[in-house]
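**Student:** Numbering (mature numbering (1 follows the signal peptide of the UniProt record, and there is no 0)), first residue to last: 1 to 482.
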Amino acid sequence: YKNPHYAAGRSTMVHLFEWKWDDIAAECERFLGPNGFGGIQVSPPNENLIIRAHNRPWWERYQPMSYRLVTRSGNAQQFANMVRRCNNAGVRIYVDAIINHMTGTWNENVGTAGSTANFGQWHYPSVPYGRNDFNWPHCVIQPSDYGNNAVRVRNCELSGLKDLNQGLEHVRRMIVNYMNHLIELGVAGFRIDAAKHMWPADLRVIYDRLRNLNTAHGFPAGARPYIFQEVIDLGGEAVSKNEYTPLAAVTEFKYGMELSRAFNRGNQLRWLENFGTPWGLMASGDALAFIDNHDNQRGHGAGGNILTHRQAKQYKGAIAFMLAHPYGQPQLMSSFSFHDTEAGPPQSHNQEIISPSINSDGTCGNGWVCEHRWRQIFQMVAFRNVAGNTQINDWWDNGSNQIAFCRGGQAFIAFNNDSWDLNQTLQTCLPAGRYCDIISGSKSGNSCTGKTITVGNDGRAHISLGAHEYDMVLAIHRGTQS
Ligand code: LM2
Ligand code: CA
Numbered sequence: 001y002k003n004p005h006y007a008a009g010r011s012t013m014v015h016l017f018e019w020k021w022d023d024i025a026a027e028c029e030r031f032l033g034p035n036g037f038g039g040i041q042v043s044p045p046n047e048n049l050i051i052r053a054h055n056r057p058w059w060e061r062y063q064p065m066s067y068r069l070v071t072r073s074g075n076a077q078q079f080a081n082m083v084r085r086c087n088n089a090g091v092r093i094y095v096d097a098i099i100n101h102m103t104g105t106w107n108e109n110v111g112t113a114g115s116t117a118n119f120g121q122w123h124y125p126s127v128p129y130g131r132n133d134f135n136w137p138h139c140v141i142q143p144s145d146y147g148n149n150a151v152r153v154r155n156c157e158l159s160g161l162k163d164l165n166q167g168l169e170h171v172r173r174m175i176v177n178y179m180n181h182l183i184e185l186g187v188a189g190f191r192i193d194a195a196k197h198m199w200p201a202d203l204r205v206i207y208d209r210l211r212n213l214n215t216a217h218g219f220p221a222g223a224r225p226y227i228f229q230e231v232i233d234l235g236g237e238a239v240s241k242n243e244y245t246p247l248a249a250v251t252e253f254k255y256g257m258e259l260s261r262a263f264n265r266g267n268q269l270r271w272l273e274n275f276g277t278p279w280g281l282m283a284s285g286d287a288l289a290f291i292d293n294h295d296n297q298r299g300h301g302a303g304g305n306i307l308t309h310r311q312a313k314q315y316k317g318a319i320a321f322m323l324a325h326p327y328g329q330p331q332l333m334s335s336f337s338f339h340d341t342e343a344g345p346p347q348s349h350n351q352e353i354i355s356p357s358i359n360s361d362g363t364c365g366n367g368w369v370c371e372h373r374w375r376q377i378f379q380m381v382a383f384r385n386v387a388g389n390t391q392i393n394d395w396w397d398n399g400s401n402q403i404a405f406c407r408g409g410q411a412f413i414a415f416n417n418d419s420w421d422l423n424q425t426l427q428t429c430l431p432a433g434r435y436c437d438i439i440s441g442s443k444s445g446n447s448c449t450g451k452t453i454t455v456g457n458d459g460r461a462h463i464s465l466g467a468h469e470y471d472m473v474l475a476i477h478r479g480t481q482s
């Protein structure tokens, strides 16, 4: 469950938060496929409660009404069509699976597929679930439970969301049927929402009942779904990420926290030389690595001082480090802009999601940030693909916030997060020639729109990164020789 089964030569996934299925299909064909992206985490495709009282907040999608594939992102046919088109473009789809709970109690009780429920009776007829399918007697997780009571963290309600009992055969069967339906449609795996709130032994039973990935969608015979379990573990809690790594991959929240701290100048970049397990991170092969996610970019989840698109220069620095460093399976965040932390995606008067528009320079409009289309980010996706399985070598630092390293003989990157300029002749490990920096510009025909780096016969090149430049990174690789 730890292999994402990307198409050959691909290595990075992006979370297209709240995107519609038709728009994702188009994005696979026009941008993600051609630019070497490996996969997409999509918002929950199953029916959720419509919450008009909060003007359709993003978090209504974390309140399941049933496993019918109808949401504001689209219907079952549109979902199936998206998966097929993305797989054809070489881009895999991973589903955010909400299997810990159903909705909370609300006055409104109609879902996005038209289902109704009786919250007071724990009755969800469209699954169906009834009172006996939930943990009983019901209780609500208290903040102190996280420190000392794993049973309550697993068996009580997460902020009032009705807590399913995954120990029961009927509940397991409903969840497995839902996930197997998605596998049949061609998805490559799942994010397991709120995994901390479910028993590892129950999850193991569910995972083991999943079918192999669909060979008609290009997966090898016998391939198991990629599963990354959402467990927020920054240390000191009753539930540990180590209980989940024996099952499948796990979200490594410490990763983005530490890189955000470093690129915020709360820690010197030179210390990143041994970034990984010495920092308390889980083993590389177990980790989904990311800077921000849909929760902590708006103060939900673990929160903390996480870098986002709003602090663009530092953020692009942290993302470049993530994509240049071999640790984990990296995931990018792609956001809509917001001021109100509850606000849902851009919507029309009748509360339909408004599609992103694509500007002539390739960036997005209509309220969508599309970090994945920023030149400094998507060209680093190609960098990671070119770097492949190489490790870090020829690490250089100035004893402070200027660092550089090679990925085998494939790629080279330098960072300057100091308040003075970087001007150094450094080993790039690349064959002699002229290379285009993919941060200040791109390769265009046989020339560069940004900096050109000349590598000598000894592999060395003069590298300059001014403290006040637009970006703090310089990156070249074998694919950018001009
Ligand atoms: C997750 N991971 O474990 C998601 O990443 C996170 O976004 C989800 O919370 C959470 N688990 C449940 O799936 C979000 C949001 C919460 C919101 C829930 C449910 O962060 O604030 O809670 O979705 O929509 C909302 C209200 C809360 C209310 C609750 C129950 O904010 O005040 O509690 O619904 O109706 C009474
Ligand atoms: Ca639970």
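Cβ coordinates follow ideal geometry from the N, Cα and C atoms, glycine included.
How many Å lie between Trp271 and Ala318 at the Cα?
**Tutor:** Answer to the nearest angstrom: the Cα atoms are 14 Å apart.
**Student:** Taking contact to mean at least 3 C-beta pairs separated by less than 8 Å, is the region 433 to 441 in contact with the region 464 to 474?
**Tutor:** Flag = yes, the region 433 to 441 and the region 464 to 474 touch.
**Student:** List, from N- to C-terminal side, the alpha helix (DSSP H) runs of 4 residues or more that fit wholly inside the region 302 to 344.
**Tutor:** With a minimum length of 4 residues, the continuous alpha helix (DSSP H) runs that stay inside the region 302 to 344 are 312 to 324.
**Student:** In angstroms with no decimal places, state the Cα-to-Cα distance between Ile453 and Leu332.
**Tutor:** Ile453 and Leu332: Cα-Cα distance of roughly 27 Å.
**Student:** Relative to ligand 2, is the shortest distance from any of its heavy atoms to the C-beta of residue 569 smaller than 8 Å?
**Tutor:** Lying outside 1 to 482, the shown extent of the chain, residue 569 is not represented and no answer is given.
**Student:** Per DSSP, what kind of secondary structure is Cys28 in: helix, strand or coil?
**Tutor:** Cys28: helix per DSSP, three-state reduction.
**Student:** So Ile51 packs on Trp122, CB below 8 Å; how close in whole Å?
**Tutor:** 19 Å between Cβ atoms; not a contact.
**Student:** Give me the Cβ distance between Ser115 and Met65, rounded to the nearest whole Å; I'm assuming they're in contact under 8 Å.
**Tutor:** Confirmed, about 5 Å.
**Student:** How should Thr277 be labelled, buried or exposed, when 16 other C-beta atoms within 10 angstroms of its C-beta is the threshold for buried?
**Tutor:** Answer is exposed; the Cβ neighbour count stays below 16.
**Student:** Indicate the three-state DSSP secondary structure (helix, strand or coil) for His54 in the structure shown.
**Tutor:** His54: helix per DSSP, three-state reduction.
**Student:** Of all the options Phe378, Ile353 and Asn350, which has the alpha carbon lying nearest to the alpha carbon of His363?
**Tutor:** The sequence shown places Thr at residue 363, not His. Among Phe378, Ile353 and Asn350, the Cα nearest to that of Thr363 belongs to Phe378.
**Student:** Which value, in whole angstroms, describes the spacing of the CA atoms of Val231 and Asp292?
**Tutor:** If you take the alpha carbons of Val231 and Asp292, they lie about 14 Å apart.
**Student:** Take Ala411 and list the residues in its own chain whose beta-carbon comes closer than 6 Å to its own, dropping the five residues that flank it on each side.
**Tutor:** Hits under 6 Å: Phe383, Val386, Ala387 and His477.
**Student:** Hey, quick one: how far does the beta strand (DSSP E) through His462 stretch, first residue to last?
**Tutor:** Arg460 to Leu465 is the span of the beta strand (DSSP E), which, as asked, contains His462.
**Student:** Between Ala89, Gly39 and Trp59, which has its C-alpha nearest Asn296's C-alpha?
**Tutor:** Out of Ala89, Gly39 and Trp59, Trp59 has the C-alpha closest to the C-alpha of Asn296.
**Student:** Which residue's Cα is closest to the Cα of Trp279: Ser447, Glu258 and Gly299?
**Tutor:** Out of Ser447, Glu258 and Gly299, Glu258 has the C-alpha closest to the C-alpha of Trp279.
**Student:** So, using beta-carbon positions, are Ala248 and Tyr6 closer together than 9 Å?
**Tutor:** Contact: no.
**Student:** Indicate, with yes or no, if ligand 1 has a heavy atom lying under 8 Å from the CB of Glu237.
**Tutor:** Glu237 Cβ: outside cutoff for every heavy atom of ligand 1.
**Student:** Would the region 311 to 329 count as touching the region 346 to 356 if we require 3 or more Cβ pairs under 8 Å?
**Tutor:** Contact between the region 311 to 329 and the region 346 to 356 is absent, because fewer than three Cβ pairs lie under 8 Å.
**Student:** Please check the pair Asn417 and Leu269, which I expect to be a contact at CB under 8 Å, by giving their CB distance rounded to whole angstroms.
**Tutor:** So it is a contact: roughly 5 Å between Cβ atoms.
**Student:** Compare the Cα-Cα distances from Cys406 to each of Tyr178, Arg460 and Asp421 and report the closest residue.
**Tutor:** Selected option, being the one with the closest Cα: Arg460.
**Student:** Assuming Ala97 and Met179 are in contact, meaning their beta carbons sit under 8 Å apart, how far apart are those beta carbons, in whole angstroms?
**Tutor:** Confirmed, Cβ separation roughly 6 Å.
**Student:** Counting C-beta neighbours from all protein chains within 10 Å, is the total for Ser260 16 or more, i.e. buried, or is it exposed?
**Tutor:** Buried is the call here.
**Student:** Just to confirm my understanding: we take Gly104, look at its own chain, exclude 5 residues before and 5 after, and list those with CB closer than 6 Å. What are they?
**Tutor:** Here the set comprises Gly160 and Leu161.
**Student:** Which residues bound the beta strand (DSSP E) around Met13?
**Tutor:** Run containing Met13: Met13 to Leu16, per the beta strand (DSSP E) assignment.
**Student:** Should Trp420 be labelled buried (16 or more other beta-carbon atoms within 10 Å of its own) or exposed?
**Tutor:** Flag for Trp420 reads exposed.
**Student:** Would you report the Cα separation of Val361 and Arg375, rounded to the nearest angstrom?
**Tutor:** The residue asked about is misnamed: residue 361 is Asp in this sequence, not Val. Rounded to the nearest angstrom, the two C-alpha atoms are 10 Å apart.
**Student:** Does the distance from the C-beta atom of Ile141 to that of Cys156 stay below 9 Å?
**Tutor:** Yes, they are a contact pair.
**Student:** Going along the chain, which residues of its own chain have a beta-carbon closer than 8 Å to the beta-carbon of Asp193, five neighbours each way excluded?
**Tutor:** Around Asp193: Pro44, Tyr62, Asp96, Ala97, Ile98, Ile99, Asn100 and Glu230.
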